[in-house]
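Mapped onto full-length UniProt numbering, the consecutive letters of the sequence shown carry residue numbers 1 to 694. Right, one structure below, let's go through it.
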Amino acid sequence: MIKTILVANRGEIACRIIRTAKALGIKTIAIYSTVDAQAQHVKLADSAFHIGPAQPAQSYLDQANIIALAVAEKVDAIHPGYGFLSENADFAEACAEQNIIFIGPSAAAIRQMGSKSAAKEIMEQAGVPLVKGYHGTNQEPMFLLKRAQDIGFPVLLKAVAGGGGKGMRILHAEDEFMAGLAAAKREALQNFSNDEMLLEKYIMQPRHIEIQVFCDTQGNGVYLHDRDCSIQRRYQKIVEEAPAPGLSDATRTAMGKAALAAAQAISYVGAGTVEFLLDKDENFYFMEMNTRLQVEHPVTEMITQQDLVAWQIQVANGEPLPLQQDDIPRQGHAIEVRIYAETPDKEFLPSSGTLAFYQEPSVNTYLRVDSGVTQGDEVSVFYDPMISKLIAYGTQRNTAITRLQQGLADYYIAGLDTNIAYLQNILQQREFITGQVSTHFIDDLKDVLAQPNETSEDSILALGCIILQTRLEQSFAHCTRDIPAHWRNLSTTKVSFDVQRDKSGCASTQSRSQITLTPVQTNQTLNAWVWGSDTPVHMATFSCLENQWRGKFGDKTLVVPYYLEQPSPHSEPTNTTPLELTPMLPDVLSHLTMWVEGQQHKLIFPAVDLGQNTSDNTANNFVAPMNGTVVSQTVDAPAEVKKGDVLMIIEAMKMEHNLKAPCDGKVTEYFFAPGDLVSGGATVLSFSPTTQSE
């Protein structure tokens, strides 16, 4: 009987496991790296132990250290969550050697399914449909190229030990093959310590459909229906739903039975997911089996009303499955979106930093948030940038969509970039609403999804100025807590701001606007004038709390949550003086994030130039787009390069990012070497463009 579980993971999945274990009366032990000392999973567990430094290889992937801790604490079982050691056969074996229950399948099953090539052979023998490809052991580049030519381009190159899009490339032509193979092998070796590849024919416009399976030690097995996970970026899912929309009952049943046959072919025990590609004619092909709980398991839980973590623990205890196949309900529809710290308009570059402002939507029976963070927590460069998962349920799919849209509108995060606005845009697309999706959804709608919201640019800039002006007035008048209800303390003169949208994480003088605020005699209404515009925007402030503005916005009365980030002013305040802020004129760069009718808007207010900036930064320097580690310098400086040449590769959050030459030029110097950690915004190399005279 399991009485104590060590959770060998972090973040939202660790919190998820701990909550269910506690509900079952089971004691929980958490582990944490140095940077996770104050993480939510640490606080939620009954006890927690430091396991190593921030680098995963020395902490969450340190098998010997984790096993030693489990033995010392006399735990009954280890739950690996997903990622990290969840599909590591050696770790499962090490647990068994110490008589510790590994909450997952056997080491043998993990090995069989962990190698994609071996899994394909097993599925072929079991009669499960396969995509044409090569799954052999010969890894010579020229041999693999010949196999790709035989299969026919485009081909999909995948790491045999991979997952989550790591070590995966779509190659459309022969001239892409060698470079793509080298990059995929390098990424696979870094993430899985195995650079072997398999090849498959790439199916055009497929859907990604997966089946949740569960088996116990008594030989019982069931499938808990299907999920559609077609909407992906960087080969990682960001929208998942259950059941998959638009499938015929015959296809659902056939896929479920095939998935269960796949699991039983390897005497599988525990939770697993069998993934298929589905073409437009509803032909399906085995892709892979994940021998763990999936990130997207909540959508299955919502339509079946079952706790899959509880099922895992029961099966690990040797108990039979709670339900048989005919007893498993399928009620309503559930959709999940993954909230990531990333910048969609920069090709989804990961974002790291502090959750300076963090407020989740209110949860209820039809809206769920699975997270492992709270305000003030850090999103670290060392781990996956997923912040949370938002899941909505409805008796009908359109109801679930509506509830999910509202949940996203009520989700407020500031301090780093997120994909919330991008997800909102996805849910508004006709193709999504009608269920006409494929794995190419994001690529096909790239331009549409990148479009900004329709709120008037001028009015948003003006509202931001009013919020900042109010806060400056409050600071100057010693009223940060006793906030005035009206504008009685406003200056009677016009006030002007320079302001711009923060669309790419940095300021651009070309995009600046000038906003003039003109108080009128009511002491409540402001006319906001935009430089170059003849139409004023009428607004009135009723109250302005620390993180919430309420007032008149044109002809609407709105409540606007906001977060104002201001670095320390040039003069530090004392206990007896207010902040040294010139009324109406910020003397430091200010960032304002506000949410107007469910849409996030980020504004920058440049600091007033007081003649203190004497720098002359005219060099053509490259800066790191995010915190990360330098993987390689691709040329020997000084060196002449052509437009599009890769100059440096930086790895962050388990993904590689290439810095490319924007034009012909010369790399004159590198400032960081391979292996060095760099901060986002740091200058990493010096680049001089070639002039026409040269």
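Just so you know, even glycine gets a beta-carbon here, dropped at the ideal spot from N, CA and C.
- Secondary structure note for Gly221: its beta strand (DSSP E) is the uninterrupted segment 221-233.
- If you draw a straight line from the Cα of Val537 to the Cα of Asn527, it comes to about 6 Å.
- Here DSSP, grouped into helix, strand and coil, assigns Tyr383 to coil.
- One Cα belongs to His50, the other to Ile211, and the distance between them is close to 36 Å.
- For Glu342 and Ala68, the gap between their C-alpha atoms comes out near 36 Å.
- Under the DSSP assignment, Asn194 falls outside any alpha helix (DSSP H); it carries neither an H nor an E label.
- Bridge partners of Ala414 according to DSSP: Phe357.
- By the Cβ test, the stretch 205-221 is in contact with the stretch 307-321, since at least three Cβ pairs between them sit closer than 8 Å.
- When the alpha-carbon of Ser193 is set against those of Gln424, Asp36, Ala159, Gly246, the nearest one is in Ala159.
- The C-beta distance from Phe622 to Leu545 rounds to 42 Å, too long to meet the 8 Å contact threshold.
- Taking each of Ser459, Trp549, Gln633 in turn and checking the Cα distance to Glu669, the smallest one comes out for Gln633.
- Excluding residues up to 5 positions away in sequence, Ile78, Phe102 lie with their Cβ nearer than 6 Å to the Cβ of Cys95 in the same chain.
- By the neighbour-count definition (other C-beta atoms within 10 Å, threshold 16), Lys556 is an exposed residue.
- Around the Cβ of Glu597, a 10 Å sphere holds fewer than 16 other Cβ atoms; the residue is exposed.
- A direct Cα-to-Cα measurement between Lys146 and Val131 gives close to 18 Å.
- Counting C-beta pairs with one atom in each stretch, the stretch 407-414 and the stretch 356-363 have three or more that are closer than 8 Å, which means they touch.
- With a threshold of 16 other beta carbon atoms within 10 Å, Val667 meets it and is buried.
- If you draw a 10 Å sphere on the C-beta of Glu73, you find fewer than 16 other C-beta atoms in it, and that means exposed.
- Taking 8 Å as the upper bound for CB-CB distance, Gly332 and Ile303 are in contact here, some 6 Å apart.
- At the C-beta level, Ala30 and Ala48 come within 7 Å of one another.
- Annotation: Lys74 is outside any alpha helix (DSSP H) and is labelled neither H nor E by DSSP.
- The stretch 311-372 is shown to contain whole beta strand (DSSP E) runs of 3 or more residues at 333-340, 357-359, 367-371, in chain order.
- Secondary structure at Phe153: coil, using DSSP grouped into helix, strand and coil.
- Taking the C-beta atoms as reference points, Asp370 is found no nearer than 7 Å to Arg10.
- Contact between Met197 and Lys185 holds: CB atoms are separated by about 7 Å, below the 8 Å threshold.
- Per DSSP, Ile203 lies in no alpha helix (DSSP H) segment and is marked neither H nor E.
- Apart from the 5 residues on each side of it in sequence, Gly644 sits with its Cβ closer than 7 Å to the Cβ of Lys660, Ala661 in its chain, given in chain order.
- Taking the CA atoms as reference points, Val560 sits about 24 Å from Gly353.
- For Thr28, the uninterrupted beta strand (DSSP E) run begins and ends at 27-33, by DSSP.
- The DSSP-derived three-state label of Ala462 is helix.
- Nearest in C-alpha terms to Gly415, of all of Ser86, Lys602, Arg19, is Lys602.
- Between the stretch 283-292 and the stretch 221-230, the count of C-beta pairs closer than 8 Å stays below three; the two stretches do not touch.
- Contact between the stretch 423-442 and the stretch 373-381 is not established, with fewer than three Cβ pairs separated by less than 8 Å.
- In the structure shown, Glu288 falls within a strand segment according to DSSP collapsed to helix, strand and coil.
- Contact between Ile18 and Val7 holds: their C-beta atoms lie close to 6 Å from each other, under 8 Å.
- Collapsing the DSSP output to three states places Phe671 in coil.
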